[in-house]
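Novice: Note that the sequence shown covers residues 1 to 332 in this note's numbering.
Mind having a look at this structure? Questions to follow.
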Amino acid sequence: MVVFKSPQNVLASLSFFAKGKTISPSLDSAAVVIDGVEKNFGRLRALSGVSLEIAGGEFFGLLGPNGAGKTTLISCLAGLARPDRGRISVLGHDTVTDYRAARRLLGVVPQELVFDPFFTVRETLRIQSGYFGIRGNDDWIDEILDHLDLNEKADTNTRRLSGGMKRRLLVAQALVHRPPVIVLDEPTAGVDVELRQGLWKFIQRLNREGHTIILTTHYLEEAEALCGRIAMLKAGEVVALDTTQNLLKRFSGHALSLRLRLEGNAMLPPPFSGHVTTDHDGWSNLPLPDPAAVTETLSTLERAGVRIADVRLSAPDLEEVFVHVMNEEKER
1 MVVFKSPQNV LASLSFFAKG KTISPSLDSA AVVIDGVEKN FGRLRALSGV SLEIAGGEFF
61 GLLGPNGAGK TTLISCLAGL ARPDRGRISV LGHDTVTDYR AARRLLGVVP QELVFDPFFT
121 VRETLRIQSG YFGIRGNDDW IDEILDHLDL NEKADTNTRR LSGGMKRRLL VAQALVHRPP
181 VIVLDEPTAG VDVELRQGLW KFIQRLNREG HTIILTTHYL EEAEALCGRI AMLKAGEVVA
241 LDTTQNLLKR FSGHALSLRL RLEGNAMLPP PFSGHVTTDH DGWSNLPLPD PAAVTETLST
301 LERAGVRIAD VRLSAPDLEE VFVHVMNEEK ER
């Protein structure tokens, strides 16, 4: 039996029990609270006082290099590991003292390929439903199979699936009990482009319906396109936390790349001479405060006698932000 501590927790948790529709918390309430979490493995400190609050209905990105502590944090969130200090709650349920209720509200896609070789895909999902006390779940299972392109493999034994198909099955298992909070730990690693696109359409639909999504990925273009807010971890600490747009504005920007020809006595005019960098392919890169500055920049160069052979405009890039933040922490 699940015991709810307040009327708000009852409403927040109804999405687990609802059939056919989702009732999820609003963006005004916290879906996940991580407060001062520390975790050590012997002498190795995996997490050093991590604090985060993720609102209901958010699409939240958790980024960092290998060994940053992302998977350890997810393990603590899912109840697979216990923090040495601090606490974590899911929709008001503590992951240690109220583990059963907290776990029911979570759907976790692990990074590792874990599967039972003795059952078919459909049997696996029915068994997974049973772990959460759900019977007669075939309509939702069919919908998941369809969205994850697993229909043709529904009656195939899991040991005969390819790596990409096993990854799809992990996603299906995480969604089978309609959890209001979904944690995706590298869900598209080793997955083909077509599945990645289909998976994100399905996950975005769930997010629009109110599900909270927490994503870790090394595909930074995915995080940039999907996540409203991002936390960056390094050596078990949060080193950046802001909206995706604010991070892009603070650490990146538009850049104008040009192939220049300086003929005769032509030289770069003073506004550019100290700010242009040239890469090994011969492109000269100029940072721009605003895309609207492109016209004036080209006109200034033309008046100075600089010939322009080619032009390329690049937008702010999360990869640039990531590298900047990680290097900044290294220099401290």
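Where is the CB? At the ideal position from N, CA and C, for every residue including glycine.
So what does Arg85 bridge to, in DSSP terms?
Specialist: Taking the first residue of the sequence shown as 1, we reach residue 85 at position 85. DSSP lists Glu38 as partners of Arg85.
Novice: Residues in its own chain within less than 6 Å of Phe251 by CB, not counting five upstream and five downstream?
Specialist: Locating residue 251 in the sequence shown gives position 251, where the first residue counts as 1. Cβ neighbours of Phe251 beyond the five flanking positions: Val321 and His324.
Novice: Return the bridge partner residues of Phe202 from the DSSP annotation.
Specialist: Taking the first residue of the sequence shown as 1, we reach residue 202 at position 202. Partner(s): none; Phe202 has no beta bridge.
Novice: Touching or not, the region 209-229 and the region 133-146, by the rule of three or more beta carbon pairs under 8 Å?
Specialist: no
Novice: So, Val93 versus Phe132, is the Cβ gap smaller than 7 Å?
Specialist: Looking up residue 93 in the sequence shown gives position 93. Looking up residue 132 in the sequence shown gives position 132. According to the sequence displayed, residue 93 carries His and not Val. For His93 and Phe132, no; Cβs fall outside 7 Å.
Novice: Output the distance between the C-alpha atoms of Leu113 and Thr188, rounded to the nearest integer angstrom.
Specialist: Counting from one through the sequence shown, the residue named residue 113 turns up at place 113. Counting from one through the sequence shown, the residue named residue 188 turns up at place 188. Distance between the alpha carbons of Leu113 and Thr188: 12 Å.
Novice: Excluding the five sequence neighbours on either side, which residues of its own chain have a C-beta within less than 8 Å of the C-beta of Leu63, listed in chain order?
Specialist: Within the sequence shown, residue 63 is the residue found at index 63, counting from 1. Correct list, in chain order: Lys70, Thr216, Thr217, Leu220, Ala223, Ile230, Ala231, Met232, Leu233 and Phe322.
Novice: Just the C-alpha distance for Lys39 and Glu237, rounded to the nearest angstrom, thanks.
Specialist: As a working mapping, residue 39 is identified with position 39 in the sequence shown. As a working mapping, residue 237 is identified with position 237 in the sequence shown. Cα to Cα, the separation comes out at about 11 Å.
Novice: By a C-beta neighbour count over all protein chains shown, 10 Å radius and 16 as the cutoff for buried, is Asp334 buried or exposed?
Specialist: No answer is possible for residue 334: it lies beyond the span of the chain, which begins at 1 and ends at 332.
Novice: For Arg312, which residues in the same chain have their Cβ closer than 8 Å to its Cβ, ignoring the five residues on either side in sequence?
Specialist: Residue 312 sits at position 312 when you count from the first residue of the sequence shown. Around Arg312: Leu256, Ser257, Leu258 and Trp283.
Novice: Can you list, in chain order, the residues of its chain whose CB lies under 6 Å from that of Tyr99, leaving out five sequence neighbours each side?
Specialist: Taking the first residue of the sequence shown as 1, we reach residue 99 at position 99. Correct list, in chain order: Gly79.
Novice: Quick one: Cα of Lys249 to Cα of Arg159, how far?
Specialist: Here residue 249 refers to the residue found at position 249 when the sequence shown is read from its first residue. Here residue 159 refers to the residue found at position 159 when the sequence shown is read from its first residue. The alpha-carbon atoms of Lys249 and Arg159 are separated by roughly 47 Å.
Novice: According to the neighbour-count rule (16 or more other Cβ atoms, all chains shown, within 10 Å of its Cβ), is Pro117 buried or exposed?
Specialist: As a working mapping, residue 117 is identified with position 117 in the sequence shown. By the 10 Å Cβ count, Pro117 comes out exposed.
Novice: According to the neighbour-count rule (16 or more other Cβ atoms, all chains shown, within 10 Å of its Cβ), is Ser162 buried or exposed?
Specialist: Taking the first residue of the sequence shown as position 1, residue 162 is located at position 162. So Ser162 counts as exposed.
Novice: Going along the chain, which unbroken runs of the alpha helix (DSSP H) with 4 or more residues stay wholly within the region 38-126?
Specialist: Segments of the alpha helix (DSSP H) lying fully in the region 38-126: 70-77 and 99-104.
Novice: Inspect the CB distances between the region 143-150 and the region 73-88 and report whether three or more fall short of 8 Å.
Specialist: Output reads no: the region 73-88 does not touch the region 143-150.
Novice: Apart from the five residues on each side of it in sequence, which residues of its chain come closer than 6 Å, Cβ to Cβ, to Leu226?
Specialist: On the sequence shown, residue 226 is found 226 positions in, with the first residue counted as 1. Cβ neighbours of Leu226 beyond the five flanking positions: Phe59.
Novice: Can you look up Glu209 in the DSSP assignment and give me helix, strand or coil?
Specialist: For the purposes of this step, residue 209 is identified with residue 209 of the sequence shown, where counting begins at 1. Residue state, collapsed to three classes: coil.
Novice: For Asn285, which three-state DSSP category applies?
Specialist: Working through the sequence shown from its first residue, we reach residue 285 at position 285. In the structure shown, Asn285 sits in a strand (DSSP, three-state: E or B).
Novice: Would you mind sorting Gln197 into buried or exposed? The rule is 16 or more other CB atoms within 10 Å of its CB.
Specialist: Within the sequence shown, the letter at position 197 stands for residue 197. With fewer than 16 Cβ atoms within 10 Å of its Cβ, Gln197 is classed as exposed.
Novice: Would you report the Cα separation of Glu319 and Pro180, rounded to the nearest angstrom?
Specialist: On the sequence shown, residue 319 is found 319 positions in, with the first residue counted as 1. On the sequence shown, residue 180 is found 180 positions in, with the first residue counted as 1. Approximately 30 Å, taken between the alpha carbons.
Novice: Around the Cβ of Asn246, are there at least 16 other Cβ atoms within 10 angstroms (buried) or fewer (exposed)?
Specialist: Indexing the sequence shown from 1 puts residue 246 at position 246. Result: exposed.
Novice: Using C-beta distances below 7 Å, list every residue in its chain close to Lys153, excluding the 5 sequence neighbours before and after it, in chain order.
Specialist: For the purposes of this step, residue 153 is identified with residue 153 of the sequence shown, where counting begins at 1. Within the same chain, Lys153 has close Cβ partners Val121, Leu161 and Met165.
Novice: Quick check: what's the CA-CA separation for Val50 versus Ala292?
Specialist: By 1-based counting over the sequence shown, the position of residue 50 is 50. By 1-based counting over the sequence shown, the position of residue 292 is 292. Cα to Cα, Val50 sits roughly 40 Å from Ala292.
Novice: Quick check on the DSSP output: what are the complete beta strand (DSSP E) runs of length 3 or more inside the region 160-187, in order along the chain?
Specialist: For the region 160-187, whole beta strand (DSSP E) runs of length 3 or above, ordered along the chain, are 181-185.
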